[in-house]
Ligand SMILES: Nc1ncnc2c1ncn2[C@@H]1O[C@H](COP(=O)(O)OP(=O)(O)OP(=O)(O)O)[C@@H](O)[C@H]1O
Ligand SMILES: Nc1ncnc2c1ncn2[C@@H]1O[C@H](COP(=O)(O)OP(=O)(O)OP(=O)(O)O)[C@@H](O)[C@H]1O
Ligand code: MOO
Ligand SMILES: [Mg+2]
Ligand SMILES: [Mg+2]
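Chains as they are written, first to last, in the working numbering: chain A, 4 to 239; chain B, 12 to 218; chain C, 12 to 218; chain D, -8 to 225; chain E, -8 to 225.
This is how it looks when you write it as structure tokens:
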């Protein structure tokens, strides 16, 4: 029987890049890792409840913290690293002519027009939404747009609202924005307007696959990081 | 002519045909079980569509294949006492009795609610649901419902089969009065020779 | 004693009571519509529970409130011809006829399927669904089903009410043979005095 | 008790009220459409019946997000139906009416099935009897068919209401999560589930949902009982 | 035509096969439970009936992710039932059996309602008649009640199958999104939806879902027709 690759639980927004990394790894003669993409929250809860998986690549540190603190120690000590970074982009439909310079007090509300909505991940829960709100607060425009936010269940849904022209503006990760030709990046939020956006990777204590550690190291290797950079992520 | 019937209908692989003209009064439809009596009544009531032929009552054409006439059941004005009663299970006995009564034009009504309740002995049952009625009680409600609908003619399919002799006698007397005083055409299915001989002016045999 | 019955039951606000002992042969249950005849049959069959009293057939206690006996319907061995037929709509006529037959112990069966089909005139209807049967046809199937169930006694609730004279005569002859050759106790509800006088050894009046 | 009314915050009351409004509107709006479809499927003999049946089941078979996505395309501000509705003064995009629309679409197949099941068990011979008594087809429908199919209609309403109360995927995809406008209970629950340590809030809100649906259930049982709908044809 | 069988990749065939397996297993597993519950609710007179009714409706009322979360707690690797099942050699966590369990739970209320509706319209007098003919309660159930309630059972199976085919929220929350093991059609669709520009794949997979459900629908219609179940009691 063909040995199975390690089971990797990963945030849905990493789908293309991680698949590319897995392909490269497999091309080097390893069994291809099995990738399960879902919301970081769902994956973290699965781990907390004893999921038999090998690696966890989360879209935010909070959920990784949660798993680390879970009773019974769900993470192998010393295997957690912050693998990737990302930045926040303000986007508009491709055909939109909106021009804005992101700076403290910039006229975001006016740019939304009379009825326009600002599409984001839900600010209470979706990581991209949380970062977005933080940035808008730092730039002192949050109070003017707070009532205008349409909170989507994922970054991708927020982006769909913009690319379909339902919302004139939206906030998503820079990596998402560059993957969709129907949206245009209006500007990138200054890195100091929000906490660093990082994607932590760790190996689970339930991990039994002999290839798990190897694949984790591969992802953290220069070769692995190069793949992610090709999709617009930053690395450390 | 009260009833002019010349019809045929296909039931499964069987063909049921009937042809008769009846004068005023009560016409008895006689025939063995399965001969097609109910089928004929259904065709006259407009519940089954004859393959061909013609049906008229009191000179009024209800169905005429050649002339393209096919009145809808509600336009035919028949008071049909069904062999299987067909009481409305979600209404009280009173609701059943008044169903056709409410729909009849006031001047088409020829019998009172109280009258019907009295001679059918339904006074104690008005609030009851059909489900708990005895066989004979249900049959009496079915008769009352048809009489109260202000019908221009009656179709009665073994209307007294589940009743005791005394009730039977009483109801037959009412039917006779309807026949004599109102001159309503009545088509009457029964297996009881004596009943038929007493009531009916003419007998149609089916086979 | 074939039937020993002494029961009462509450139906709504009414109390229905019956008390009789009957010798061998056919016992007719007579009474006006709504008197409680079907209720008595239901109690004997085990479909309605008497408030109190005792029921025995051929000396075998089916119900005895005092002794705590209450046989389940399927253990009573009655062949019940229901006033409302109750044919199984999802089975063919043959399926209906054979339903009780299949469940009866082979040595409890006292009549042949072919025999029943023949004297009830059901040969052409075996494949039919009950829904399309005429009133009389359905009644004959109901009779056949009860006869074929290998019953120890029969309860017949107006079994011939929808049948023509010829059929009636034929079936009565068979019932007479069952009475005479098998000595099966039969409780027979009918409104027809002549029928009753011809068949029944004794008459129980209800009121 | 954690769920005593004075323990529920004004914000939560707002969410409860919105959920009830959305679910009730969805149920009421779906009913005539659902009944008409059930009728067509139970009684109609027309080409494309099976196709229509399939279409009705669509929201059940497709993942809710896809349904939401299709709604977005058709009823969004740039969609055909969306522009038409907006022009009629009834915009649905980012509105509670849109949430009701999503819930309505998701509830439709359940409602249609229940009603259809009851319609198919209505004895046509009773309808025929009513016709002979002078009732027009329309009156037969109102006085005979509808009351006899009532158990199915009620069951369909309960299913539809419950489904609407729980509807999440299509709603958030179509009209997103806007507090006070489209944030129904499931959306609030989902938001809380995505934040570590908010299990308490999740449980609270879920219990409220369950409470609301229990009330609806009991009401429907009482109605069914009162109407004595278990009766059969003699 | 884009959906001709030879245009479907082996990977997609795998997803289709898995979806069918999960949905069929869910339907088959839910049937006896659903029937028993429908029976208890239709016929039973016991304290707590309404509560049981409410419990059955739970998966309908709660957002699917909450149901998934509850399943995770109870049937997960550390949950009571999960450990027991694993000890019995039937682990569900991250297995296709878990996906079937999730689908099963989501389908349950729909199945129960449909079956209950039919059971309630079975004429008890026919059951009584069968008893007098010598049939035990069990045999009456099998030969009379069950066949007469068949339209509801079939409707419940169709609803359950369709709901299982479309089940997403509870599944991904409970057993994740593992290709070849738990990635059913809706999860694959979700995955495609997460990547910009894959609308073509989404449409393809959605059409496949719809096709599968249409086949199930047609099959159920044919069955209902063949069994002549529209008949009434004379
Ligand atoms: N759909 C059908 N297919 C085949 N045969 C049918 C169908 N419907 C009715 N029949 C047959 O047509 C015949 C006539 O039925 P009908 O009810 O008119 O008889 P009837 O004279 O009223 O009998 P009864 O006195 O027993 O009520 C019966 O033999 C019946 O079995
Ligand atoms: N649940 C109930 N509540 C009130 N009254 C009832 C109930 N069930 C039956 N009855 C009444 O009990 C009486 C006896 O009914 P039963 O069916 O035994 O009469 P029967 O002698 O067979 O009459 P028939 O000759 O008309 O068939 C009837 O008046 C009926 O209305
Ligand atoms: O199954 Mo959903 O996507 O949470 O309504
Ligand atoms: Mg007849
Ligand atoms: Mg009786």
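Note that CB positions come from ideal geometry on N, CA and C, so glycine has one too.
Check each candidate in the options and name the one with the smallest Cα separation from residue i.
| i | options | result |
| --- | --- | --- |
| residue 85 of chain D | A:153, A:190, A:157 and A:233 | A:153 |
| residue 198 of chain E | D:13, D:32 and D:46 | D:46 |
| residue 60 of chain B | B:121, B:83, B:70 and B:69 | B:83 |
| residue 101 of chain B | B:138, B:123 and B:88 | B:138 |
| residue 76 of chain B | B:158, B:18, B:51 and B:105 | B:18 |
| residue 205 of chain D | D:48, D:99, D:34 and D:153 | D:153 |
| residue 216 of chain A | A:36, A:68, A:13 and A:27 | A:36 |
| residue 204 of chain C | C:171, C:185, C:188 and C:92 | C:171 |
| residue 140 of chain B | B:118, B:105, B:91 and B:56 | B:105 |
| residue 175 of chain A | A:18, A:68, A:56 and A:90 | A:90 |
| residue 120 of chain B | B:142, B:90, B:130 and B:129 | B:90 |
| residue 144 of chain C | C:97, C:163 and C:115 | C:97 |
| residue 185 of chain E | A:29, A:42 and A:159 | A:159 |
| residue 129 of chain A | D:12, D:36, D:202 and D:182 | D:182 |
| residue 217 of chain B | B:103, B:47 and B:187 | B:47 |
Can you name, in chain order, every residue of its own chain whose Cβ lies under 8 Å from the Cβ of residue i, other than the five neighbours on each side?
| i | result |
| --- | --- |
| residue 147 of chain C | 173, 174, 175 and 178 |
| residue 173 of chain A | 93, 94, 95, 121, 122, 123, 161, 162, 164, 165 and 186 |
| residue 223 of chain A | 84, 86 and 204 |
| residue 209 of chain C | 183 |
Near residue i, what residues of its chain come up, given a Cβ to Cβ distance below 6 Å and the 5 sequence neighbours on each side ignored?
| i | result |
| --- | --- |
| residue 26 of chain D | 106 |
| residue 48 of chain D | 100 |
| residue 109 of chain E | 140, 142 and 143 |
| residue 213 of chain C | 33 and 38 |
| residue 12 of chain A | 39, 46, 56 and 59 |
Between residue i and residue j, how many whole angstroms is the CB-CB distance? I'm expecting something under 8 Å.
| i | j | result |
| --- | --- | --- |
| residue 127 of chain B | residue 161 of chain B | Actually they are not in contact, since the Cβ atoms of residue 127 of chain B and residue 161 of chain B sit about 12 Å apart, beyond 8 Å. |
| residue 168 of chain C | residue 52 of chain C | 6 Å |
| residue 52 of chain E | residue 180 of chain D | Rounded, the Cβ-Cβ distance is 11 Å, inconsistent with contact. |
| residue 103 of chain A | residue 93 of chain A | 7 Å |
Taking only beta-carbon atoms, is residue i less than 9 Å away from chain D?
| i | result |
| --- | --- |
| residue 159 of chain E | yes |
| residue 145 of chain A | no |
| residue 164 of chain A | yes |
| residue 97 of chain B | yes |
| residue 130 of chain E | no |
Does any CB atom of chain C fall closer than 9 Å to the CB of residue i?
| i | result |
| --- | --- |
| residue 101 of chain B | no |
| residue 49 of chain B | yes |
| residue 168 of chain B | yes |
Run the proximity test for residue i: is its beta-carbon closer than 8 Å to any non-hydrogen atom belonging to ligand 6?
| i | result |
| --- | --- |
| residue 168 of chain B | The model depicted lacks ligand 6 and carries ligand 1, ligand 2, ligand 3, ligand 4 and ligand 5 instead. |
Hey, is residue i's beta-carbon within less than 9 Å of any beta-carbon in chain E?
| i | result |
| --- | --- |
| residue 204 of chain D | yes |
| residue 185 of chain A | yes |
Does residue i have its Cβ less than 9 Å from a Cβ in chain A?
| i | result |
| --- | --- |
| residue 63 of chain D | yes |
| residue 236 of chain E | It is not possible to answer for residue 236 of chain E, since the shown part of chain E is limited to -8 through 225. |
| residue 186 of chain E | yes |
| residue 167 of chain E | yes |
Leaving out five residues before and five after residue i in sequence, what residues of the same chain have Cβ atoms less than 7 Å from its Cβ?
| i | result |
| --- | --- |
| residue 62 of chain C | 19, 20 and 21 |
| residue 107 of chain A | 142 and 143 |
| residue 5 of chain E | 171 |
| residue 90 of chain E | 13, 162, 166, 173 and 175 |
Answer yes or no: does any C-beta atom of chain H fall closer than 9 Å to that of residue i?
| i | result |
| --- | --- |
| residue 125 of chain E | You won't find chain H in this structure, because its protein chains are A, B, C, D and E. |
For chain B, find out if any of its Cβ atoms is closer than 9 Å to the Cβ of residue i; answer yes or no.
| i | result |
| --- | --- |
| residue 88 of chain C | no |
| residue 138 of chain D | yes |
| residue 76 of chain C | no |
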